[in-house]
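Here's the structure, in structure tokens; my notes come after.
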Amino acid sequence: MSDQNLLLEQPEPGVCLLTVNRPKALNALNAATLDELLNALATVAGDAAARALLVTGAGERAFVAGADIAEMAGFTAAQAQAFSEHGMRVMSALEALPVPVIALVNGYALGGGCELALACDWIIAAENAVFGQPEVNLGIPPGFGGTQRLARIVGRARALELVTTARQLRAAEALAIGLVNEVVPAAALRERGLEVARSIAAKGPQAVRLAKQAVHRGLDQDLAGGCAYETAAFALAFATADQREGMRAFLEKRAAKFSGR
Ligand code: CAA
1309 MSDQNLLLEQ PEPGVCLLTV NRPKALNALN AATLDELLNA LATVAGDAAA
1359 RALLVTGAGE RAFVAGADIA EMAGFTAAQA QAFSEHGMRV MSALEALPVP
1409 VIALVNGYAL GGGCELALAC DWIIAAENAV FGQPEVNLGI PPGFGGTQRL
1459 ARIVGRARAL ELVTTARQLR AAEALAIGLV NEVVPAAALR ERGLEVARSI
1509 AAKGPQAVRL AKQAVHRGLD QDLAGGCAYE TAAFALAFAT ADQREGMRAF
1559 LEKRAAKFSG R
């Protein structure tokens, strides 16, 4: 599937690769691209064979350099509210996707681009990645969830520093503060993403989905509520063919052949 500003491919069975494709604007997110993202995420959500989604940016310079400043410059407050809500829907759709989503950050991930990466389940960064929330340089705060997800991922004090000073982080510092899970050479980024997606695709699909949901639901509530959710997810797994197959395969000392049912 190929829209004007987005490419959705399936480089391997079960692995979806979404590329924001506006390299001339360093893949900045305008309203048209947000629409295309929503459509593409609905396609992935509806694909029963999907096992993992990789998200990246076209070209070698940027993952996504932010929301489109040229488009936002003349916004009224009402238009800004609608644009922020539009972006928030994209970020929520990424989180709600049943399969794990990994951001492959290949350059600038600034403003809305950092927020897009933060809404993915985790981030693998190329050595040339640069992260930041530079919105205050433009006289605005973040608008696609940056103040919320950044604080939840790197903690209150670091998030406050980053959103109020607009300081940018290179990949090594992003790794040190837990913003990214790993850093690889730029030339190895795609293959590393595929390798991780492949390892997820080999697991029990229902179990992967239940585990992702439990982590997200749990973080939105207190420990007791999260643990109760996990118990429900655990019990539900015992109604799947994958649980039977996974445990039988272990006991028979062979590799499991999961059906996703
Ligand atoms: N929106 C629109 N266009 C953008 C863009 C953005 N966020 N970022 C880059 N571009 C465009 C530039 O305007 C330029 O276009 P032209 O060639 O037509 O002039 C092209 O991409 C290349 O960019 P530069 O010439 O600026 O490249 P550089 O190497 O000198 O600098 C950069 C790279 C440091 C990333 C710089 O482009 C930059 O600072 N971009 C803006 C980053 C930013 O402020 N992002 C936050 C946006 S606000 C936001 O995202 C709000 C929100 O939370 C929802």
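When you read off a place in the sequence shown, starting at 1, and then add 1308, the result is the number in my numbering.
Yeah, the Cβ is synthetic: ideal placement off N, Cα and C, and Gly gets one too.
Note that the structure is predicted; figures quoted are calculated from it, not measured.
Residue-level contact to chain D via CB, Arg1500, 7 Å cutoff: Protein chains in the displayed structure number just one, and chain D is not present.
Check whether Leu1316 and Ala1356 have beta carbons under 7 Å apart: no
Cβ neighbour criterion (16 or more within 10 Å) applied to Glu1368: exposed
Given Ala1433 as reference, the closest of Glu1443, Gly1421, Pro1442 once Cα atoms are compared: Gly1421
Any non-hydrogen atom of the ligand CAA within 6 Å of Leu1531 CB: no
Beta-carbon proximity list for His1524, same chain, < 7 Å, skipping 5 on both sides: Glu1403
Leu1418 Cβ short of 6 Å to the ligand CAA heavy atom set: yes
Identity of the residue in Gln1441, Asp1429, Ala1541, Ser1567 nearest Leu1468 by Cα: Gln1441
Collapsed DSSP secondary structure at Ala1356 in the structure displayed: coil
Cβ-heavy atom distance, Leu1527 to the ligand GDP, below 6 Å: Looking at this structure, you won't find the ligand GDP anywhere; what it does contain is the ligand CAA.
Residues near Val1444 by beta carbon distance below 6 Å, same chain, minus five either side: Ala1474
Assumed close pair Gly1419, Pro1449 - CB separation to whole angstroms, cut-off 8 Å: The pair is not a contact, with the Cβ atoms about 10 Å apart (cut-off 8 Å).
Contact test: Met1334 Cβ vs the ligand CAA heavy atom, cutoff 6 Å: It is worth fixing the name first, because residue 1334 is Leu in this sequence and not Met. Indeed, a heavy atom of the ligand CAA lies less than 6 Å from the Cβ.
Nearest to Glu1320 (by Cα), restricted to the options Glu1503, Val1409, Phe1371, Ala1465: Glu1503
Counted within 10 angstroms of its Cβ, other Cβ atoms place Ser1400 as buried (16 or more) or exposed: exposed
heavy atom of the ligand CAA below 6 Å from Phe1452 C-beta: yes
Alpha helix (DSSP H) runs contained entirely in the stretch 1431–1470, provided each spans 4 or more residues: 1454–1462
Boundaries of the beta strand (DSSP E) in which Leu1325 is found, first to last residue: 1323–1328
Contact test: Glu1443 Cβ vs the ligand CAA heavy atom, cutoff 6 Å: yes
Best match in Gln1312, Cys1324, Leu1346, Asp1343 for proximity to Pro1331 [C-alpha to C-alpha]: Gln1312
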